[in-house]
Amino acid sequence: MTSDTLSPAGGPPEIEIQWRDICARLRGEVGDTAWQSWLKPMTVRGCEGGKVRFAVPTRFMRDWILAHYSDRIAKLWTEKNPAIQGIDLAVQADRPAPAAAVQPRPLKTAPTAASGDGDGRESLSAPLDPRYTFDAFVVGKPNEFAWAAAKRVAEAVKAPPFNPLFLYGGVGLGKTHLMHAIAWHIRTHQPKRNVLYMSAEKFMYRFIRALREQNTVDFKDQFRSVDVLMIDDVQFIAGKDSTQEEFFHTFNALADQGRQVVISADKSPSDLEGMEERLISRLNCGLVADIHATTYELRLGILESKAEQMAVPVPHKVLEFLAHRITANVRELEGALNRVVAQAQLVGREISLEGTQDYLKDLLRANDRRVTIEDIQKRVAAHFNVRLADMFSERRSRSVARPRQIAMYLAKQLTQRSLPEIGRKFGGRDHTTVMHAVRKVDELKSQDQAFAEDVELLRRMLES
Ligand code: ADP
Ligand code: MG
Numbered sequence: 064m065t066s067d068t069l070s071p072a073g074g075p076p077e078i079e080i081q082w083r084d085i086c087a088r089l090r091g092e093v094g095d096t097a098w099q100s101w102l103k104p105m106t107v108r109g110c111e112g113g114k115v116r117f118a119v120p121t122r123f124m125r126d127w128i129l130a131h132y133s134d135r136i137a138k139l140w141t142e143k144n145p146a147i148q149g150i151d152l153a154v155q156a157d158r159p160a161p162a163a164a165v166q167p168r169p170l171k172t173a174p175t176a177a178s179g180d181g182d183g184r185e186s187l188s189a190p191l192d193p194r195y196t197f198d199a200f201v202v203g204k205p206n207e208f209a210w211a212a213a214k215r216v217a218e219a220v221k222a223p224p225f226n227p228l229f230l231y232g233g234v235g236l237g238k239t240h241l242m243h244a245i246a247w248h249i250r251t252h253q254p255k256r257n258v259l260y261m262s263a264e265k266f267m268y269r270f271i272r273a274l275r276e277q278n279t280v281d282f283k284d285q286f287r288s289v290d291v292l293m294i295d296d297v298q299f300i301a302g303k304d305s306t307q308e309e310f311f312h313t314f315n316a317l318a319d320q321g322r323q324v325v326i327s328a329d330k331s332p333s334d335l336e337g338m339e340e341r342l343i344s345r346l347n348c349g350l351v352a353d354i355h356a357t358t359y360e361l362r363l364g365i366l367e368s369k370a371e372q373m374a375v376p377v378p379h380k381v382l383e384f385l386a387h388r389i390t391a392n393v394r395e396l397e398g399a400l401n402r403v404v405a406q407a408q409l410v411g412r413e414i415s416l417e418g419t420q421d422y423l424k425d426l427l428r429a430n431d432r433r434v435t436i437e438d439i440q441k442r443v444a445a446h447f448n449v450r451l452a453d454m455f456s457e458r459r460s461r462s463v464a465r466p467r468q469i470a471m472y473l474a475k476q477l478t479q480r481s482l483p484e485i486g487r488k489f490g491g492r493d494h495t496t497v498m499h500a501v502r503k504v505d506e507l508k509s510q511d512q513a514f515a516e517d518v519e520l521l522r523r524m525l526e527s
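Counting from 64, one number per residue, gives the positions in the sequence shown under the numbering used here.
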């Protein structure tokens with residue numbers, strides 16, 4: 064089960080971390096399927112003479128990666144770290160089961176196959192992650208409301224208890240997990256009901272394809288025959304008018320027939336930028352449940368539950384340490400635990416607090432470094448020699464308005480806050496003001512080298 068997250072971390076930590084970043088970037092560029100097949104199985108083995116050495120499971124893979132991806136990888140790497148000029152690939156089937164390396168999540172599609180449409184049509188639903196069940200979800204204060212709501216929806220047999228269920232919260236706090244859990248539950252207990260889970264991105268992609276192939280009637284039919292529709296990360300279609308329109312109609316058609324709709328997003332309906340008013344009000348009609356940032360207790364609980372399933376014992380002190388220090392989101396927390404366990408297995412040593420601190424140095428530093436809007440306001444005000452109060456004030460003279468815009472811009476770049484949230488922190492300004500500031504600063508940066516360097520300098524000071 065853990066084979067996917069436990070890719071042995073063989074290379075030096077910096078290189079490993081750079082590879083993660085590059086990989087994440089490439090995933091966006093090449094798409095999930097290509098990433099799973101080719102990039103994910105690559106294991107960093109070291110670095111020599113300006114080249115990063117990788118191990119890959121088969122020769123075929125090596126040749127394919129060299130032909131299709133190596134130049135791009137080298138280029139991204141040089142941008143990040145000029146010392147790296149290229150990559151080397153060695154075939155090394157030393158990982159226990161090459162099959163597991165080629166299909167990083169071997170279980171992922173299996174359970175869904177049995178519950179497809181059954182009429183030979185290509186299944187529309189995205190595969191569900193077998194790990195994302197209600198049993199595996201740890202409940203605490205920050206997520207209990209969302210969890211209870213998800214449970215109600217999953218257990219309902221007749222009319223939807225609320226429609227839609229709208230789950231929202233920051234990255235890595237368990238929205239996708241809860242949605243899959245609902246789907247698993249319904250597929251297990253009410254197998255006749257047609258459950259469709261899909262990302263909003265995929266929804267849009269399908270819709271656009273249908274438009275292009277002039278096939279929208281089929282598209283509509285497919286969606287409108289489902290009993291439970293779940294669309295993940297709906298913020299993705301904000302601002303995409305025609306997709307939003309179609310989604311709105313699909314949603315209305317389903318809701319009117321008493322079918323359940325479940326939606327997730329990174330913000331509340333009203334905070335979603337570029338969403339149409341009537342869609343927002345429709346979304347607000349059901350139950351809106353937010354997942355708050357984790358607390359120490361919840362983080363510890365999650366770690367305890369994950370550690371139980373690990374192949375090696377993890378001292379409680381280490382769990383407490385991680386829960387204390389890695390606060391951003393559950394995904395990072397899990398990642399840290401996985402890395403510690405993988406490392407310990409690799410070198411064949413027991414897990415210790417000292418070893419953990421040492422091994423996770425970079426990650427811990429990155430967590431400490433998270434910048435707040437207040438930090439940004441202070442730093443920018445000092446830099447331009449204006450009063451901190453002018454970050455919130457109504458004054459519009461250029462001498463204070465420009466620094467304020469730069470601070471808003473940096474807040475957008477360096478924090479996870481949404482535009483409305485940033486606006487509120489700057490004396491209750493509207494999100495459009497923030498949007499304008501971001502555009503303005505971008506524009507000035509492209510026109511004025513000195514200005515661009517100034518902003519860059521501020522950014523670096525804030526990040527260090
Ligand atoms: P989101 O969709 O909100 O970005 P995910 O649902 O993908 O977040 O969660 C990120 C990771 O954290 C997943 O591996 C998920 O299983 C795990 N996770 C999040 N919340 C919990 C929880 N309460 N209990 C157990 N695992 C959790
Ligand atoms: Mg998600």
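A virtual CB, placed ideally from N, CA and C, is assigned to each residue, including glycine.
Item	Value
Rounded C-alpha distance that separates P227 from M293	9 Å
T196 beta carbon near the ligand MG (any heavy atom closer than 7 Å)	no
Three-way DSSP call (helix, strand, coil) for S557 in this model	The question about residue 557 has no answer, for the chain in this structure spans 64 to 527.
Strand pairing of E77, partner residues [DSSP]	For E77, which the question treats as bridged, DSSP gives no partner whatsoever.
Whole-angstrom distance between G321 and I389, CA atom to CA atom	42 Å
Top-ranked residue by Cα proximity to A515, from L525, V154 and V504	V504
Unbroken stretches of the alpha helix (DSSP H), 4 residues or longer, contained in the stretch 204-277	207-218, 238-252 and 263-275
Sequence-distant residues of the same chain with beta carbon closer than 8 Å to A299, five excluded per side	Just to set this straight, residue 299 is Phe in the shown sequence, not Ala. Taken in chain order, the residues that qualify are S262, A263, E264 and M267.
Extent of the continuous alpha helix (DSSP H) run through G486	L482 to K488
Touching by the beta-carbon criterion (3+ pairs, under 8 Å), the stretch 238-252 and the stretch 274-281	no
Host beta strand (DSSP E) of L102 (start-end)	That residue, L102, is in no beta strand (DSSP E); it is neither H nor E in DSSP.
Complete runs of the alpha helix (DSSP H) confined to the stretch 292-369 [at least 4 residues]	304-319 and 340-347
Sequence-distant residues of the same chain with beta carbon closer than 8 Å to S509, five excluded per side	A515
Residue range of the unbroken beta strand (DSSP E) whose run includes F117	K114 to V119
Three-state class that DSSP yields for D493 in the structure shown	coil
Identity of the residue in E506, R341 and F310 nearest Y472 by Cα	E506
C-beta contact flag for I365 and V201 at 8 Å	yes
DSSP three-state assignment for G94, whether helix, strand or coil	coil
Simplified DSSP state of D151, which is helix, strand or coil	strand
Of the residues Q323, F270 and H494, the one placed nearest Q307, counting alpha carbons only	F270
Validate contact between the stretch 317-337 and the stretch 475-493 using beta carbons, cut 8 Å, 3 pairs	yes
Closest residue to P205 among D192, Y231 and Q408 (Cα-Cα distance)	Y231
Residues whose Cβ lies closer than 5 Å to any heavy atom of the ligand ADP, in chain order	F200, V201, V234, G235, L236, G237, K238, T239, H240, I365, V393 and R394
Helix, strand or coil at G109 according to DSSP, with G and I counted as helix	strand
Identity of the residue in A328, E339, G149 and G418 nearest D353 by Cα	A328
Near the ligand ATP: D296 beta-carbon under 7 Å from a heavy atom	Ligands present in the displayed structure are limited to the ligand ADP and the ligand MG, and the ligand ATP is not among them.
Segment limits, alpha helix (DSSP H) that includes I414	Neither: I414 is in no alpha helix (DSSP H) and is coded neither H nor E.
Validate contact between the stretch 77-96 and the stretch 133-144 using beta carbons, cut 8 Å, 3 pairs	yes
Own chain residues within Cβ distance below 6 Å of A153, not counting five before or after	A118
Counted within 10 angstroms of its Cβ, other Cβ atoms place H248 as buried (16 or more) or exposed	buried
Option nearest E79 by Cα separation, candidates Q155, Y422, R194 and Q476	Y422
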